[in-house]
Amino acid sequence: MAKLTKKQKEALAKIDRNKLYSVNEASALVKEITNVKFDASVDIAVRLGVDPRKANQMVRGVVTLPHGTGKDVKVLALVTPDKEAEAKEAGADYVGLDEYLQKIKDGWTDVDVIITMPSVMGKLGPLGRILGPRGLMPNPKTGTVTMDVAKAVSEVKAGKIDFKVDKTGIVHAAIGKASFTPEKLSGNANELIQTLIKLKPTAAKGTYIKSIHLSSTMSPSVPVDPKAV
5 MAKLTKKQKE
15 ALAKIDRNKL
25 YSVNEASALV
35 KEITNVKFDA
45 SVDIAVRLGV
55 DPRKANQMVR
65 GVVTLPHGTG
75 KDVKVLALVT
85 PDKEAEAKEA
95 GADYVGLDEY
105 LQKIKDGWTD
115 VDVIITMPSV
125 MGKLGPLGRI
135 LGPRGLMPNP
145 KTGTVTMDVA
155 KAVSEVKAGK
165 IDFKVDKTGI
175 VHAAIGKASF
185 TPEKLSGNAN
195 ELIQTLIKLK
205 PTAAKGTYIK
215 SIHLSSTMSP
225 SVPVDPKAV
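Position in the sequence shown (from 1) plus 4 gives the number in this note's numbering.
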């Protein structure tokens with residue numbers, strides 16, 4: 005087992021392992037125990053009582069975090085020429101079509117989100133093996149395949165994220181930065197949790213939200229009381 009540093013021991017000592025914190029308390033505590041020299045990401049991990057192997061228990065969706073992610077999201081808009089101007093005006097970092105399709109084919113994936121139009125999806129199919137594993141393949145369910153390209157770009161830039169339960173039944177998402185106030189972190193966390201509650205599959209039985217943990221880059225995780233959300 006890796007040896008804990010002095011700072012890691014100090015951080016762990018501040019977490020009461022016999023206590024489940026409220027979202028507000030956990031948000032404040034995560035800030036307190038974060039001691040890296042950069043603006044660390046703050047993440048939430050929610051364990052759900054679902055079996056993701058069954059299609060009727062898959063949990064996937066989108067949420068617009070009220071206080072944004074704190075990250076400058078790089079957006080590529082793969083659109084036809086008639087949509088290029090609106091994509092640029094909405095704030096897309098890269099706009100075009102064939103030249104970017106070729107760049108992706110050559111291995112370029114230096115973006116966070118790709119937004120495209122239904123008519124272009126056929127051209128993206130062959131790039132699935134490149135985009136899929138990186139979570140970059142546009143999907144109508146997450147609003148990244150749409151005719152309203154400007155709206156989609158604006159929403160992503162404002163803090164819209166998509167999430168999906170992994171094979172172990174956990175939803176992971178970045179909900180801000182350590183520089184955020186506790187109120188902003190808890191506001192974003194609550195928005196995601198409430199969205200997950202609304203998406204509860206009818207086939208899921210028993211306890212739906214089993215556990216919630218907040219953590220930042222390289223910090224220990226703080227347990228949140230699922231009954232308090």
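Note that CB positions come from ideal geometry on N, CA and C, so glycine has one too. Please read all numbers here as calculations on a predicted model, not as lab measurements.
Asked: Indicate whether ILE150 and VAL160 have their beta-carbon atoms separated by less than 9 Å.; Found: Sequence check: residue 150 is Thr here, not Ile. Going by C-beta atoms, THR150 is not nearer than 9 Å to VAL160.
Asked: Is it true that the stretch 171 to 180 meets the stretch 38 to 54, where meeting means three or more beta-carbon pairs spaced less than 8 Å apart?; Found: yes
Asked: Judging by CA-CA distance, which residue of LYS35, LYS58, GLY129 and ARG138 is the nearest neighbour of THR221?; Found: LYS35
Asked: Just curious, the alpha helix (DSSP H) that VAL175 is in, first and last residue?; Found: Here VAL175 belongs to no alpha helix (DSSP H); instead the beta strand (DSSP E) covers 174 to 181.
Asked: Tell me whether LYS161 counts as near the ligand MG, meaning its Cβ is closer than 8 Å to at least one heavy atom of that ligand.; Found: This structure does not include the ligand MG; it has no bound ligands of any sort.
Asked: On the premise that ASN39 lies in contact with ALA15, defined as a C-beta separation below 8 Å, what is that separation, rounded to the nearest angstrom?; Found: 7 Å
Asked: Is it buried or exposed, THR1, if we count other Cβ atoms within 10 angstroms and call 16 or more buried?; Found: Absent from the structure is residue 1, since the part of the chain shown begins at 5 and ends at 233.
Asked: Given a cut-off of 9 Å, decide if GLU90 and ALA154 are closer than it, judged by their beta-carbon atoms.; Found: yes
Asked: Compute the beta-carbon to beta-carbon distance between VAL124 and LEU82, rounded to the nearest angstrom, for a pair I have assumed lies under 8 Å.; Found: 5 Å
Asked: In the DSSP assignment, what residue or residues form a beta bridge with TYR25?; Found: VAL228
Asked: How big is the Cα-Cα spacing for PRO112 and ARG21?; Found: In the sequence under discussion, the amino acid at residue 112 is Trp, which differs from the Pro named in the question. For TRP112 and ARG21, the distance between alpha carbons rounds to 44 Å.
Asked: Inspect the CB distances between the stretch 91 to 107 and the stretch 200 to 217 and report whether three or more fall short of 8 Å.; Found: no
Asked: Leaving out five residues before and five after LEU60 in sequence, what residues of the same chain have Cβ atoms less than 7 Å from its Cβ?; Found: Checking the sequence shown, residue 60 turns out to be Asn, not Leu. Answer for ASN60: PRO205 and ALA207, listed in chain order.
Asked: Contact check, VAL115 vs VAL79 under 8 Å by CB: the rounded distance?; Found: 7 Å
Asked: So for THR199, helix, strand or coil by DSSP?; Found: helix
Asked: I need the boundaries of the alpha helix (DSSP H) containing VAL279, first residue and last residue.; Found: Coverage of the chain is limited to positions 5 through 233, which leaves residue 279 absent and any answer about it impossible.
Asked: For LYS78, which of helix, strand or coil comes out of DSSP?; Found: coil
Asked: Given a cut-off of 9 Å on the beta-carbon distance, is the pair ILE201 and ILE216 in contact?; Found: no
Asked: Based on DSSP bridge pairs, tell me the residues matched to HIS3.; Found: The requested residue 3 is not part of the displayed model; the chain covers only 5 to 233.
Asked: LYS231: buried (16+ other C-beta within 10 angstroms of its C-beta) or exposed?; Found: exposed
Asked: Below 8 Å on the Cβ atoms is my contact criterion, and I expect LEU203 with GLY65 to pass it. Report the Cβ-Cβ distance as a whole number of Å.; Found: 5 Å
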